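Chains E and Z supply the protein sequences, listed in that same order.
Per UniProt numbering, the first sequence runs over residues 1 to 185.
Per UniProt numbering, the second sequence runs over residues 1 to 172.
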Amino acid sequence: MSTSDVVRDWSEADLGVDGRVLEVVRAPAGVLSAASVKVDPMDSAVVQLAADLVATMRVSPGCVGLAASQVGIGLHVFCVDVVGHPKARTTHGTFALCNARVVEASRKEKGREGCMSVPDLTGDVKRATRLTVVGQLPGSAEEVTVETDAFEARALQHEVDHCEGFLFLDRVAGAHAIFPRKTYL
Amino acid sequence: MSLIAITVIGHDRPGIIAEATGTLADLGVNLEDSTMTRLRGHFAMMLLCAGQVSAENVEQALSPLTADGTLQVSAREVAPEDPSAASARPYLLTVHGGDRLGIVAALTRAVADAGGNITDLTTRLSGDLYVVAAEVDLPATADEHALVDELRRIGRELEVDVAFHPQEADVL
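Structure representation (structure tokens):
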């Protein structure tokens, strides 16, 4: 089984703990601007954190990913789930990664992003649409490689950025690329 | 606390923003929302600021900017507005084609007649090429398809290319 399939087969149930819904912090909270600390994926606190991130993502309307810094914890963990999103092509279901890093990125395209931690603004950001990310699964510490594209690639880059202390505001495509967030009907 | 709308426009040169915003900071006037850009070689600033001083005092304090006659400054008190965007479907309207009179007037009339609200609009004239980009909010009751048909009809009439696409941001 490829590690990509391992990621697809992963679910928060593998963590063996119930996730708790945590409060999402908003910019200009300092934790959002600091690089997160690498973690031991076997650490029970990290396993709980991964479960909490998934639980918090699940209850947040429209949320397709959440990094630990967004719940005020400066640890290098995030979760993603873009299944069902109209802009998604390749998807790996729900998964959480520890200590993830981008190893290949190409074919940048501009798209408009919002973020739960910057609730009133959106911005146009260029992101790679072909992406390879390497990270470790919480609970098992298995190193996995996620090769993806389109919207899942964008979501992963957004979450890896959070872990490195960057918001989409750090990546906007120009001085005229930040907008008030619309409330959709 | 008063809300003051400030405009500065005129010949572009280095330092206009630094001088204007330095004066505002010295007055204790906080720069809130603003847009500043070059328009055909002129530099244009539109600033919404909050402070404990009158608009007259702000305009007086900024008057050194106008000393050489190349910049115009105005400051007026304005009523506070709700800064949050109204609930609507966001779209991007883009237009390009040969320059002629009335392109923006015709297209924005169609948007307004459909109940659409333009929240941002930029035009650029580059040689004979005219370009428009506008952010449009459509209410739920608006007929998007009828508006697209009308914008296309106007585009054909004015011989410009018109595109009107949803512009939804993805929350990550």
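Cβ coordinates follow ideal geometry from the N, Cα and C atoms, glycine included.
Because the structure is a prediction, the values reported are computed rather than measured.
| By the 10 Å Cβ neighbour count, where 16 or more other Cβ atoms means buried, how is P14 of chain Z classified, buried or exposed? | Taking the first residue of the second sequence as position 1, residue 14 of chain Z is located at position 14. Exposed, because fewer than 16 other Cβ atoms sit within 10 Å of the Cβ of P14 of chain Z.
| query | By a C-beta neighbour count over all protein chains shown, 10 Å radius and 16 as the cutoff for buried, is R20 of chain E buried or exposed? | reply | Taking the first sequence and counting its residues from 1, the one referred to as residue 20 of chain E is at position 20. Classification for R20 of chain E: exposed.
| Listed from N- to C-terminal order along the chain, which residues in the segment 73 to 98 of chain Z have their beta-carbon within a distance smaller than 8 Å of any beta-carbon of chain E? | Residues of the segment 73 to 98 of chain Z that bring their beta carbon within less than 8 Å of a beta carbon in chain E comprise P83, S84, A85, A86, S87, A88, R89 and P90, in sequence order.
| Closest Cβ-Cβ distance between T90 of chain E and chain Z: below 7 Å? | Numbered from 1 along the first sequence, position 90 holds the residue referred to as residue 90 of chain E. No, T90 of chain E lies away from the interface with chain Z (no Cβ there is under 7 Å from its Cβ).
| request: Would you decide whether D137 of chain Z is buried or exposed? Buried here means 16 or more other CB atoms lie within 10 Å of its CB. | output: The residue labelled residue 137 of chain Z in the question sits at position 137 within the second sequence. Looking at its Cβ environment, which holds 16 or more other Cβ atoms inside 10 Å, D137 of chain Z is buried.
| query | Does the beta-carbon of L24 of chain Z have 16 or more other beta-carbons within 10 angstroms, so that it is buried, or is it exposed? | reply | By one-based count along the second sequence, residue 24 of chain Z stands at place 24. That one is buried.
| Along chain Z, which residues have their Cβ under 8 Å away from the Cβ of V64 of chain E? | By one-based count along the first sequence, residue 64 of chain E stands at place 64. Going along chain Z in sequence order, the residues near V64 of chain E (Cβ under 8 Å) are D170, V171 and L172.
| said: Please classify P162 of chain E as buried or exposed, where buried requires at least 16 other C-beta atoms within 10 Å of its C-beta. | reply: As a first step, residue 162 of chain E must be located in the first sequence, where it is residue number 162. The sequence shown places His at residue 162 of chain E, not Pro. Result: buried.
| query | Do you know whose CA, among E:G135, E:C63, E:R8 and E:V31, lies nearest V103 of chain E's CA? | reply | By 1-based counting over the first sequence, the position of residue 103 of chain E is 103. Nearest of E:G135, E:C63, E:R8 and E:V31 to V103 of chain E, Cα basis: E:G135.
| message | Cutting at 6 Å between CB atoms, please list the residues of its own chain near L3 of chain Z, excluding the five before and the five after it. | response | Taking the first residue of the second sequence as 1, we reach residue 3 of chain Z at position 3. These residues qualify, in order along the chain: A50, V78 and P80.
| task | Please determine, among Z:S54, Z:D170 and Z:N30, the residue with the shortest C-alpha to C-alpha distance to K110 of chain E. | result | Position 110 of the first sequence, counting from 1, holds the residue named residue 110 of chain E. Checking every option, the nearest Cα to that of K110 of chain E belongs to Z:D170.
| message | Contact criterion: CB-CB distance below 7 Å. Does K110 of chain E meet it with respect to chain Z? | response | The residue labelled residue 110 of chain E in the question sits at position 110 within the first sequence. No Cβ of chain Z is located within less than 7 Å of the beta carbon of K110 of chain E.
| request: Could you please give me the residues that DSSP links to G51 of chain Z through a beta bridge? | output: Numbered from its first residue, the second sequence carries residue 51 of chain Z at position 51. Note: G51 of chain Z sits in a beta bridge opposite Z:S2.
| What is the rounded straight-line gap between the Cα of D68 of chain Z and the Cα of E59 of chain Z? | Sequence index remark: in the second sequence, residue 68 of chain Z carries index 68 (1-based). Sequence index remark: in the second sequence, residue 59 of chain Z carries index 59 (1-based). In this structure, the CA atom of D68 of chain Z is about 16 Å from the CA atom of E59 of chain Z.
| task | Using the Cα positions of T3 of chain E and A177 of chain E, report the straight-line distance between them to the nearest angstrom. | result | Taking the first residue of the first sequence as position 1, residue 3 of chain E is located at position 3. Taking the first residue of the first sequence as position 1, residue 177 of chain E is located at position 177. The straight-line gap from Cα to Cα measures roughly 37 Å.
| query | Could you check where the beta strand (DSSP E) with G114 of chain E kicks off and where it finishes? | reply | The residue given as residue 114 of chain E occupies position 114 in the first sequence. Where G114 of chain E is concerned, the enclosing beta strand (DSSP E) stretches over F95 to C115.
| With a Cβ-Cβ cutoff of 7 Å, do V125 of chain E and F168 of chain E count as a contact? | One-based indexing of the first sequence puts residue 125 of chain E at position 125. One-based indexing of the first sequence puts residue 168 of chain E at position 168. In this structure, F168 of chain E lies closer than 7 Å to V125 of chain E by Cβ.
| task | From the DSSP output, in three-state form, read off S11 of chain E for me. | result | In the first sequence, counting from the first residue as 1, residue 11 of chain E sits at position 11. It is coil, neither helix nor strand.
| query | Do the CB positions of P139 of chain Z and A88 of chain Z come within less than 7 Å of each other? | reply | Numbered from 1 along the second sequence, position 139 holds the residue referred to as residue 139 of chain Z. Numbered from 1 along the second sequence, position 88 holds the residue referred to as residue 88 of chain Z. Closer than 7 Å, so yes.
| Inter-residue CB distance, G65 of chain E and A155 of chain E (contact presumed, cutoff 8 Å) | The residue given as residue 65 of chain E occupies position 65 in the first sequence. The residue given as residue 155 of chain E occupies position 155 in the first sequence. Confirmed, Cβ separation roughly 5 Å.
| field | Local conformation of R156 of chain Z per DSSP, three classes | value | If you number the second sequence from 1, residue 156 of chain Z lands on position 156. Three-state result, R156 of chain Z: helix.
| task | Give the residues of chain E in contact with D12 of chain Z, contact being defined as C-beta atoms less than 8 Å apart. | result | Counting from one through the second sequence, the residue named residue 12 of chain Z turns up at place 12. Correct list: empty, because the minimum Cβ distance to chain E is about 15 Å.
| task | Assign L39 of chain Z to one of two classes, buried (16 or more other C-beta atoms within 10 Å of its C-beta) or exposed (fewer than that). | result | The sequence position of residue 39 of chain Z within the second sequence is 39, counting from 1. Counting Cβ neighbours within 10 Å, L39 of chain Z comes out exposed, since fewer than 16 surround it.
| request: Grab me the residues of D149 of chain E's own chain with a C-beta within less than 6 Å of its C-beta, minus the 5 sequence neighbours each way, in chain order. | output: On the first sequence, residue 149 of chain E is found 149 positions in, with the first residue counted as 1. Around D149 of chain E: R89, T90, T129 and R130.
| said: Let's test the definition: count the other Cβ atoms within 10 Å of the Cβ of L125 of chain Z and tell me whether it reaches 16, buried, or not, exposed. | reply: Counted from its first residue, the second sequence places residue 125 of chain Z at position 125. Exposed.
| Proximal chain E residues relative to Q167 of chain Z, where beta-carbon distance stays under 7 Å | Reading the second sequence from its first residue, position 167 is the one you call residue 167 of chain Z. Near Q167 of chain Z (Cβ distances below 7 Å), the residues of chain E are R112.
| field | Any C-beta of chain Z under 7 Å from that of A155 of chain E | value | In the first sequence, the residue the question calls residue 155 of chain E occupies position 155. Taking Cβ atoms only, chain Z reaches closer than 7 Å to A155 of chain E, which makes this a yes.
| query | So which residues of chain Z does R20 of chain E contact, with C-beta pairs closer than 9 Å? | reply | Numbered from 1 along the first sequence, position 20 holds the residue referred to as residue 20 of chain E. Per Cβ cutoff of 9 Å: no residues; R20 of chain E is ~21 Å from chain Z at best.
| query | So what's A68 of chain E in DSSP terms, helix, strand or just coil? | reply | Along the first sequence, one-based indexing puts residue 68 of chain E at 68. Secondary structure of A68 of chain E (DSSP, three-state): helix.
| message | If I follow the unbroken alpha helix (DSSP H) through S126 of chain Z, where does it start and stop? | response | Along the second sequence, read from residue 1 onward, the residue named residue 126 of chain Z stands at position 126. Counting along the chain, S126 of chain Z falls outside any alpha helix (DSSP H), though it belongs to the beta strand (DSSP E) covering N117 to S126.
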